[in-house]
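Taking it in order: structure first as C-alpha cells, then the write-up.
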Amino acid sequence: MVGLQHYLLLSAILFSIGIFGILVRRNLLVILMCVEIMLSAANVALVAFSRFGVGHGLDGQVVVLFNFVIAACEASVGLGLIVAAFRCKETVSVDAFRLLKG
Amino acid sequence: MDYLFYLFAAITVVGAFLVVVNRSPIASAMSLIASFFGMAGLFVLMDAHFVAIMQILLYAGAIMVLFVFVIMLLNLTPNASRFKAIAGTRLILGGAGLYLGGLLMLIILGATKGQLSTDGAPAGLVGSVESVGELLLGQYIVPFEFTSVVLLIAVIGSVYLTKKKV
Chain A
1 MVGLQHYLLL
11 SAILFSIGIF
21 GILVRRNLLV
31 ILMCVEIMLS
41 AANVALVAFS
51 RFGVGHGLDG
61 QVVVLFNFVI
71 AACEASVGLG
81 LIVAAFRCKE
91 TVSVDAFRLL
101 KG
Chain B
103 MDYLFYLFAA
113 ITVVGAFLVV
123 VNRSPIASAM
133 SLIASFFGMA
143 GLFVLMDAHF
153 VAIMQILLYA
163 GAIMVLFVFV
173 IMLLNLTPNA
183 SRFKAIAGTR
193 LILGGAGLYL
203 GGLLMLIILG
213 ATKGQLSTDG
223 APAGLVGSVE
233 SVGELLLGQY
243 IVPFEFTSVV
253 LLIAVIGSVY
263 LTKKKV
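Residue numbers (the numbering used here), protein chains in the order written: chain A, 1 to 102; chain B, 103 to 268.
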C-alpha cells in the first residue's frame with residue numbers, strides 16, 4: 001500500500017535532485033529549471049498532505065495552486081533576467097558573471 | 103494501484119535526473135516536461151484532479167513554452183564543460199548527501215513513530231474543480247486576489263528587464 005511516506009520520499013528525492021542540479025550546473029537556464037523541480041517537489045508534498053489527511057480538507061491543493069502562480073512569476077522574471085544577462089555578456093554560463101566575486 | 107505510483111514516480115525522478123545530466127538545454131527542457139507529466143499522474147492518483155490539470159496547463163504548457171522560447175531565442179552553442187561545482191565538489195556532494203540522508207531519516211522516523219499515520223484519511227475528498235474552486239473563491243479569496251498583484255508585478259518586472267535600453 002502506497003502511503004504518505006512514499007510520496008514524501010519522492011518529494012525529498014526530487015528536491016535533492018534540484019539542489020544538486022543548481023550546485024553543479026553552469027547554465028543559467030538549467031539552473032532555473034532545477035528551481036522549478038524544487039518547487040514541484042514541494043507541490044507533491046503538499047498534495048500528499050492534503051490527500052492523506054494530515055491537515056484538513058483540500059487546503060493543501062489550494063496552496064499548490066498559489067504555488068503555481070509563484071512558479072509562473074519566478075519563471076517569467078528569471079527568464080527576463082537571463083535575457084538581460086545574455087545581452088550584457090553574450091553567454092548564459094555562470095562563470096561569466098563574476099563581478100561580485102570577492 | 104500501487105504499480106501506477108511506481109510508474110509515475112519513476113517517470114518523474116528519471117525526468118528530473120535527465121534535466122541535470124543532459125548537455126543541451128533543449129533536451130533538459132523536454133525531460134522536464136516528461137517529469138511534469140509524471141507528476142500530474144501522481145496528482146491524479148492522489149485524487150487532486152484540478153491540480154493535475156493545472157500542472158499540465160501551466161507547467162508543461164505555459165512555463166515550458168516560455169523556457170523553450172528563450173532557449174531558441176538565445177541560440178546557444180552547447181557548452182563543453184557540463185558539470186562544474188561552485189566550490190569544492192567533495193564538500194557539495196557531502197552536503198547534498200547529508201541533506202538527503204537527514205530528510206529521509208526524518209520521513210522514516212516519522213513513519214515508524216506513527217506521526218505520519220494515514221488513519222484519518224478522509225474518504226471521498228476529491229479535489230475536483232468544484233470543491234477546490236469553492237475553497238479558492240470562498241475561504242481563500244483574499245490570497246487569491248493578491249496573486250493578481252504578484253502576477254502584475256512579475257509582468258512589469260519582466261517587461262522592464264527585457265526592454266531595449268533607450
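The C-beta atom is built at its ideal place from N, Cα and C for all residues, glycine as well.
- Of the residues B/Gly117, B/Val252, B/Ser137, the one whose Cα lies closest to the Cα of A/Val69 is B/Val252.
- By the CB criterion at 8 Å, B/Thr264 and A/Val83 fall inside the cutoff.
- Under the Cβ distance rule, B/Phe169 counts among the residues neighbouring chain A, one pair being separated by less than 8 Å.
- Flagged as an interface residue toward chain A: B/Leu134, by a C-beta distance shorter than 8 Å.
- At a cut-off of 8 Å between beta-carbon atoms, A/Ile31 makes no contact with chain B.
- Per DSSP, the unbroken alpha helix (DSSP H) holding B/Thr249 starts and ends at 243-264.
- The beta carbon of A/Arg98 does not come within 8 Å of any beta carbon belonging to chain B, so the residue lies off that interface.
- Collapsing the DSSP output to three states places A/Arg25 in a strand.
- Secondary structure of B/Ser126 (DSSP, three-state): coil.
- In the three-state scheme derived from DSSP, where H, G and I count as helix and E and B as strand, B/Ser230 is classed as coil.
- Between the stretch 128-140 of chain B and the stretch 156-167 of chain B there are three or more C-beta pairs closer than 8 Å, enough to call the two in contact.
- Interface residue (Cβ-Cβ distance to chain A less than 8 Å): B/Met148 is classified as such.
- Only residues of its own chain outside the window of five on either side were considered, and among them none has a CB closer than 6 Å to the CB of B/Tyr108.
- For B/Gly163, no alpha helix (DSSP H) segment is defined, and its DSSP state is neither H nor E.
- At a cut-off of 8 Å between beta-carbon atoms, A/Ala42 makes no contact with chain B.
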